[in-house]
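Asker: One structure, as structure tokens, below. Some questions next.
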Amino acid sequence: ATGSAPAVPIDERFDIAYVTPVTIGTPPQTLMLDFDTGSSDLWVFSSHMPPFQVRGQEIYTPDESSTARLLEGHTWSIMYGDGSASRGNVYVDTFAVGGLTVLNQAVQTAQQVSASFTSATNIDGLVGLGFSTLNTVRPESQLTFFDNAKASLDNPVFTADLKYMAAGTYDFGFIDRAKYTGEITYVPIDPDPGYWIFTSSGYAVGASSNFSATPIIGIADTGTSLVYLPTAVLTAYYRQVQGATNSRSYGGYVFPCDSALPSFTFGVGEERFTIPASYIRYAPVTEGSATCFGGLQSSSELGINIWGDVALKAAFVVFDSRSPPRIGWAKK
Ligand SMILES: CSC[C@H](NC(=O)[C@H](Cc1ccccc1)NC(=O)N1CCOCC1)C(=O)N[C@@H](CC1CCCCC1)[C@@H](O)C(=O)OC(C)C
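Heads up, the sequence shown is in this note's numbering, so the first residue is 16 and it goes up one at a time.
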């Protein structure tokens, strides 16, 4: 089996997150979920939440699904890198995305979500695509939809083709030759922490003329909007940007929106990928401001480097869960 589904930006002004239509239950209930390689819980806004916590999101109502079964005595609770959080109980039900159907998928129903989820009106929940070891359901942790689907997939892979200010695609079980050019460069993944962690071979500010071959260990994370890198890399980049400062009040590097920005190149093995300046001129700090927030930010507060959507948009990425797992990057 294979599947293919769109990854739609939730905001038409800038790429803060991407959502994908899924159906859950019988008859099918459609929700728009954020497919997140940085976590491993499949959770949804649900009829078990206090109504004031729901602000326009679609909800899953297990009582209206003839195939829903409560997973007695199981609960979950998760906190993300940005401090947002959610928790609740667990059902199993039929889950379908992009033509793929998984019977008896653990669907984690929210009973409480933090304010940032309530205000993210276009995100009805998350589909974790990290390793199932990270799943927070207790007393028995549950498998991700990808791990449940893997045995029936033509290949144990999924790919991300995210796009700048446009809908991209997640493919499951196959690698679409039409979505990339040249060859795919694969590098090993360390699956122990449960994330898609790989080592980039280095970086260059601007075109890859002055490439600095320094290894950068980081997570390939579809659920993170920006790129978070070591301070040394950030200062090398923003040194080239007129008027750039690391603003405490705005919580990161900002610069005049009309400043000239170099591109940013990162290495995967011998291959070089360039993030265009337009992706790094991320967004005005507030609507209409002449000060812009950078798409490259410091990872020092996070303790881990993250190749989020700003980097993933610059490539076609293969998440290959054969053993040992590996990640592939190709130009497009
Ligand atoms: C650097 S880690 C921060 C990361 N969050 C983010 O990147 C959020 C995502 C978001 C989108 C829409 C609405 C609300 C939040 N964006 C964010 O903090 N932004 C502030 C800077 O400008 C860009 C938007 C994060 O926590 N990612 C989560 C998934 C994410 C999905 C959307 C809802 C909130 C949770 C996950 O990938 C994760 O925790 O990864 C770990 C490995 C860091």
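Every residue, glycine too, gets a C-beta built ideally from N, C-alpha and C.
Does the separation of the CB atoms of Gly183 and Asp191 fall below 7 Å?
Answerer: By one-based count along the sequence shown, residue 183 stands at place 168. By one-based count along the sequence shown, residue 191 stands at place 176. Not closer than 7 Å, so no.
Asker: How many Å lie between Gly217 and Trp91 at the Cα?
Answerer: Along the sequence shown, one-based indexing puts residue 217 at 202. Along the sequence shown, one-based indexing puts residue 91 at 76. Their Cα atoms are separated by approximately 38 Å.
Asker: What residues in its chain sit with their C-beta under 8 Å from that of Thr116, if we drop five residues either side in the sequence?
Answerer: Stepping through the sequence shown from its first residue, residue 116 is reached at position 101. Excluding sequence neighbours, Thr116 sits near Thr109, Phe110.
Asker: Could you name the residues of the same chain whose beta carbon sits closer than 6 Å to that of Ser262, not counting the 5 residues immediately before and after it, in chain order?
Answerer: By 1-based counting over the sequence shown, the position of residue 262 is 247. Counting only Cβ-Cβ distances below 6 Å, and skipping sequence neighbours, we find Val269.
Asker: Would you kindly check if the distance between the Cβ of Leu144 and the Cβ of Phe161 is under 7 Å?
Answerer: Walking along the sequence shown from the start, residue 161 turns up at place 146. Walking along the sequence shown from the start, residue 144 turns up at place 129. Yes; because the gap between Cβ atoms is below 7 Å, this pair is in contact.
Asker: At a threshold of 6 Å, does Ser55 count as lining ligand 1 (C-beta to nearest heavy atom)?
Answerer: Taking the first residue of the sequence shown as position 1, residue 55 is located at position 40. No - ligand 1 has no heavy atom lying nearer than 6 Å to the Cβ of Ser55.
Asker: Measuring alpha carbon to alpha carbon, tell me which residue in Ile39, Met47, Thr45, Val172 is nearest Asn339.
Answerer: Residue numbering aside, residue 339 sits at position 324 when the sequence shown is read from its first letter. For clarity, residue 339 is Pro in the given sequence; the question names Asn instead. Nearest option by C-alpha distance: Val172.
Asker: Any chance the region 292-300 sits against the region 198-215, with 3 or more Cβ pairs inside 8 Å?
Answerer: no
Asker: With DSSP as the reference, label Arg192 as helix, strand or coil.
Answerer: Taking the sequence shown and counting its residues from 1, one reaches residue 192 at position 177. Helix at Arg192.
Asker: Less than 6 Å between C-beta atoms, sequence neighbours within five positions excluded: which residues of the same chain meet that for Ser61?
Answerer: Residue 61 sits at position 46 when you count from the first residue of the sequence shown. Here the set comprises Ile74, Tyr75, Thr124, Ala125.
Asker: Run the CB neighbour count on Met64, radius 10 Å, all protein chains shown included, and call it buried at 16 or more, exposed below.
Answerer: Residue 64 sits at position 49 when you count from the first residue of the sequence shown. Met64 comes out buried.
Asker: For ligand 1, is there any heavy atom lying closer than 6 Å to the beta carbon of Ile31?
Answerer: The residue labelled residue 31 in the question sits at position 16 within the sequence shown. Ligand 1 has a heavy atom closer than 6 Å to the beta-carbon of Ile31.
Asker: Would the C-beta of Tyr95 count as close to ligand 1, meaning under 6 Å from any of its heavy atoms?
Answerer: Counting from one through the sequence shown, the residue named residue 95 turns up at place 80. Yes, since a heavy atom of ligand 1 falls inside the 6 Å radius drawn around the Cβ of Tyr95.
Asker: Only counting runs of 3 or more residues, tell me where the beta strand (DSSP E) segments fall wholly within the region 310-338, in order along the chain.
Answerer: 311-313, 320-322, 331-335
Asker: Threshold first: 3 residues or longer. Then list the beta strand (DSSP E) segments lying entirely within the region 78-163, N to C.
Answerer: Qualifying beta strand (DSSP E) stretches, in chain order: 84-94, 100-112, 115-128, 140-143.
Asker: For Ile232, count the other beta carbons within 10 Å of its own beta carbon; 16 or more makes it buried, fewer makes it exposed. Which is it?
Answerer: Residue mapping note: residue 232 aligns to position 217 of the sequence shown, counting from 1. By the neighbour-count rule (16 or more Cβ atoms within 10 Å), Ile232 is not buried but exposed.
Asker: Give the DSSP-derived three-state secondary structure of Ser167 in the structure shown.
Answerer: Locating residue 167 in the sequence shown gives position 152, where the first residue counts as 1. In this structure, Ser167 counts as helix in the three-state DSSP scheme.
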